[in-house]
Amino acid sequence: MTQRNGIRGTRDRHLYSEASGVSEQVNGMEPEKVQEISDCEMEEGGQAGDSMAVTGAVTAPDGGWGWVVLAATILVLALTLGFPSCVGIYYTDLQNEFHASNSETSWVPSIMTSVLHAGGPFCSVLVERLGCRTTVMLGGVLSGLGMAASSFTQSIAQLYVTAGVITGLGFCFSFQPAVTILGHYFVRRRVFANAMSSTGTALGLCILPFLSNYLHTEFGWRGSFLVLGAVLLNCCVCGAVMRPLQPSRRRGQPLMTHSLPSPEEQNVKKEKGRMRTIQSCVVAFLSKHMAFDQLCNNQRYCMYSIGITWMMLGFVVCLVFLVPYATANGMEQGQAALLLSILGIVNIVVRPPIGLIFNMSWFKGRHVYVFASAVLVSGLSNSICCLGPSFTVLLSFVMVFGLSMSVAGSLMFTVLMDIVDMSRFPSALGLLSIMESITLLIGPPLAGTLVDRTGDYFYVFIACSAVVASSAIFLMASFYWLDKKDRKSKQGQISTLPDPARPAVDGAPGCHYSSVPTEGDQDKASANRAESSSSI
Numbered sequence: 284m285t286q287r288n289g290i291r292g293t294r295d296r297h298l299y300s301e302a303s304g305v306s307e308q309v310n311g312m313e314p315e316k317v318q319e320i321s322d323c324e325m326e327e328g329g330q331a332g333d334s335m336a337v338t339g340a341v342t343a344p345d346g347g348w349g350w351v352v353l354a355a356t357i358l359v360l361a362l363t364l365g366f367p368s369c370v371g372i373y374y375t376d377l378q379n380e381f382h383a384s385n386s387e388t389s390w391v392p393s394i395m396t397s398v399l400h401a402g403g404p405f406c407s408v409l410v411e412r413l414g415c416r417t418t419v420m421l422g423g424v425l426s427g428l429g430m431a432a433s434s435f436t437q438s439i440a441q442l443y444v445t446a447g448v449i450t451g452l453g454f455c456f457s458f459q460p461a462v463t464i465l466g467h468y469f470v471r472r473r474v475f476a477n478a479m480s481s482t483g484t485a486l487g488l489c490i491l492p493f494l495s496n497y498l499h500t501e502f503g504w505r506g507s508f509l510v511l512g513a514v515l516l517n518c519c520v521c522g523a524v525m526r527p528l529q530p531s532r533r534r535g536q537p538l539m540t541h542s543l544p545s546p547e548e549q550n551v552k553k554e555k556g557r558m559r560t561i562q563s564c565v566v567a568f569l570s571k572h573m574a575f576d577q578l579c580n581n582q583r584y585c586m587y588s589i590g591i592t593w594m595m596l597g598f599v600v601c602l603v604f605l606v607p608y609a610t611a612n613g614m615e616q617g618q619a620a621l622l623l624s625i626l627g628i629v630n631i632v633v634r635p636p637i638g639l640i641f642n643m644s645w646f647k648g649r650h651v652y653v654f655a656s657a658v659l660v661s662g663l664s665n666s667i668c669c670l671g672p673s674f675t676v677l678l679s680f681v682m683v684f685g686l687s688m689s690v691a692g693s694l695m696f697t698v699l700m701d702i703v704d705m706s707r708f709p710s711a712l713g714l715l716s717i718m719e720s721i722t723l724l725i726g727p728p729l730a731g732t733l734v735d736r737t738g739d740y741f742y743v744f745i746a747c748s749a750v751v752a753s754s755a756i757f758l759m760a761s762f763y764w765l766d767k768k769d770r771k772s773k774q775g776q777i778s779t780l781p782d783p784a785r786p787a788v789d790g791a792p793g794c795h796y797s798s799v800p801t802e803g804d805q806d807k808a809s810a811n812r813a814e815s816s817s818s819i
């Protein structure tokens with residue numbers, strides 16, 4: 284694409300070409316400060332009824348109002364990702380109320396967590412049509428109504444629908460757009476912003492157990508669910524402050540142009556009644572909202588998705604069964620709830636410095652290995668619970684698991700942003716959420732069945748330890764193999780270049796996954812040697 288020079292009123296910003304990625308530096312502004320805004324964000328900021336979103340190049344603030352958006356995202360994650368583990372406070376009450384087994388009762392948090400992730404494609408459609416702000420507010424309304432309706436249920440099956448499906452879908456509509464818009468507000472400080480936002484989960488684990496235990500003592504489980512429904516409406520307030528970024532509006536020739544609809548697209552609109560049109564629409568929808576192309580063509584995304592999906596089979600099970608395990612062995616309800624709060628406190632204290640440390644340029648390209656190491660420690664820590672149900676032993680588990688969970692939670696979205704382009708992040712996150720929702724759905728019920736048959740929680744923690752640790756080993760091995768493969772490919776390309784070009788290539792970093800500019804990135808080659816860089 285020809286670079287557009289001579290535009291009057293040019294400000295300090297770095298513009299990225301939509302077609303080829305070629306960029307130009309203007310007045311020394313850091314390239315990390317600029318990214319292309321997505322159509323859904325612009326549609327949100329446009330007037331109602333606009334059929335086509337306005338696109339353009341915008342400056343990522345990396346601060347300013349972005350800090351307000353970050354604070355709102357922290358609160359959203361506290362109310363969504365931190366909430367399902369608090370259902371364990373009411374686990375025994377639900378069993379007694381509906382005369383349900385461990386397996387039947389465990390379906391409640393399982394369905395809630397699964398729908399939270401499985402609703403990704405629906406959430407992506409809403410974000411495109413309504414924008415991130417409106418979608419987050421809609422999620423707050425759904426989750427609040429779902430929990431309020433749960434207080435009036437008369438059977439465990441009704442609770443599956445209200446607390447599981449409706450509340451979980453509301454969590455999905457609030458959580459995913461909040462993470463997505465944060466990625467647009469922060470580029471240079473993205474690792475730090477993601478680490479700080481992940482403290483929201485820790486904040487929820489810290490506060491919600493105390494709140495749930497207090498409400499349980501004062502109002503019982505029905506009254507608690509009603510009050511918690513009102514608490515979840517705060518997601519609407521958080522969504523209200525997530526205003527979309529706006530592109531620069533200039534006189535003269537536009538910076539970015541939209542191509543007119545192709546003849547094929549026009550035919551699709553005219554021939555909606557034909558099977559060919561239906562098939563085209565389905566393919567277009569799956570390509571846009573579920574990144575199957577990334578799953579087939581991006582080996583790193585494929586390996587990462589498989590590893591995360593397998594990991595989720597046992598990662599959250601320990602949080603669901605920690606309180607029932609403690610209370611079943613004579614521990615008071617308050618002490619058991621304190622364990623979850625300590626877990627949250629550890630995460631709150633550890634995640635901010637982790638964000639600062641791993642935002643350093645040295646860790647670029649190594650995030651996945653740090654993430655996998657943390658997952659490995661997290662999996663092995665489950666075996667600590669097998670030593671006994673005493674408060675001291677479980678406190679040791681909470682401390683170790685909290686430290687490893689802090690690192691893994693801080694880097695999970697960062698790794699995904701490293702291996703896929705930011706323009707593909709919502710659809711990649713949606714597909715990953717669909718995949719992991721399957722294991723999140725069956726994990727707790729399988730553990731509950733294991734408890735019902737053996738009468739002991741010992742086997743649950745052993746199984747969780749084996750599953751999570753094996754997923755970490757898989758991630759390490761697969762990414763090491765891919766890195767080694769890329770190094771060999773790059774060496775082969777270097778050997779084919781003429782001698783004058785070799786020093787410039789040899790000085791380049793080893794392997795880059797990210798097409799999103801991050802701190803420390805510099806142009807390593809001129810445009811006429813751009814093809815020497817391997818792309819995933």
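Heads up: the sequence shown begins at 284 in this note's numbering, then just goes up one per residue. Built from N, CA and C at the ideal position, the CB exists for glycine as well.
Query	Result
Contiguous alpha helix (DSSP H) assignments of at least 4 residues, all confined to the stretch 406 to 469	415 to 433, 439 to 442, 450 to 468
Meets three-Cβ-pair contact criterion under 8 Å: the stretch 587 to 600 and the stretch 702 to 722	yes
Local Cβ density within 10 Å of N665, reported as buried at 16 or more and exposed below that	buried
Length of the line joining the Cα atoms of V410 and A711	14 Å
For K767, the three-state DSSP class (helix, strand or coil)	helix
Beta-carbon separation (whole angstroms), F456 vs G422, contact threshold 8 Å	3 Å
DSSP three-state assignment for G613, whether helix, strand or coil	coil
For M349, the nearest candidate out of I372, R526, I631 (CA to CA)	Checking the sequence, you will find Gly at residue 349 rather than Met. Closest by alpha carbon: R526.
Span separating the alpha-carbon of I320 from that of Y587	Only weak support exists for where I320 lies, its pLDDT of 39 falling under 50; the coordinates are left without a value.
Residue environment, A619, which counts as buried when at least 16 other CB atoms sit within 10 Å	buried
Beta-carbon gap between C668 and F598 smaller than 8 Å	no
Check whether A730 and S481 have beta carbons under 8 Å apart	no
Classification of D739 by the beta-carbon crowding that lies within 10 angstroms, buried from 16 upward	exposed
Secondary structure, beta strand (DSSP E): runs of 3+ residues fully inside the stretch 645 to 673	none
Delimiting residues of the alpha helix (DSSP H) encompassing C579	575 to 580
L677 beta carbon less than 8 Å from that of L622	yes
Whether F893 touches G487 by CB criterion (8 Å)	Residue 893 lies beyond the range of the chain shown here (284 to 819); nothing can be said about it.
Selected residue, minimal CA-CA separation from L515, among T450, Q378, M614	T450
Nonlocal neighbours in the same chain, by C-beta distance under 7 Å from F674, ignoring five residues either side	M614, Q618
Status (buried if at least 16 other CB within 10 Å, exposed otherwise) for H467	buried
Start-to-end residues for the alpha helix (DSSP H) that takes in C369	It is not in any alpha helix (DSSP H) - C369 carries neither H nor E in the DSSP assignment.
Segments assigned alpha helix (DSSP H), at least 4 residues, entirely inside the stretch 496 to 523	517 to 523
Beta-carbon gap between P404 and G713 smaller than 8 Å	yes
Among S772, L765, R472, R736, the one whose alpha carbon lies nearest that of L353	R472
R471 - DSSP class collapsed to helix/strand/coil	coil
Euclidean distance between Cα positions of C415 and Y443	27 Å
Other residues of its chain near S748: CB distance less than 7 Å, five sequence neighbours each side excluded	G662, L663, N665, S666
Candidates L465, M395, V408, of which the one nearest S433 by Cα	M395
Rounded C-alpha distance that separates F469 from A431	35 Å
CA nearest to the CA of G692, picked from A755, N477, L465, V600	N477
Classification of P636 by the beta-carbon crowding that lies within 10 angstroms, buried from 16 upward	exposed
Environment of G347 [buried if 16+ CB atoms lie within 10 Å]	exposed
For Q774, the three-state DSSP class (helix, strand or coil)	helix
Cβ-based burial, W504 [other Cβ within 10 Å; buried from 16]	buried
Best match in L428, I640, A513, P727 for proximity to L694 [C-alpha to C-alpha]	I640
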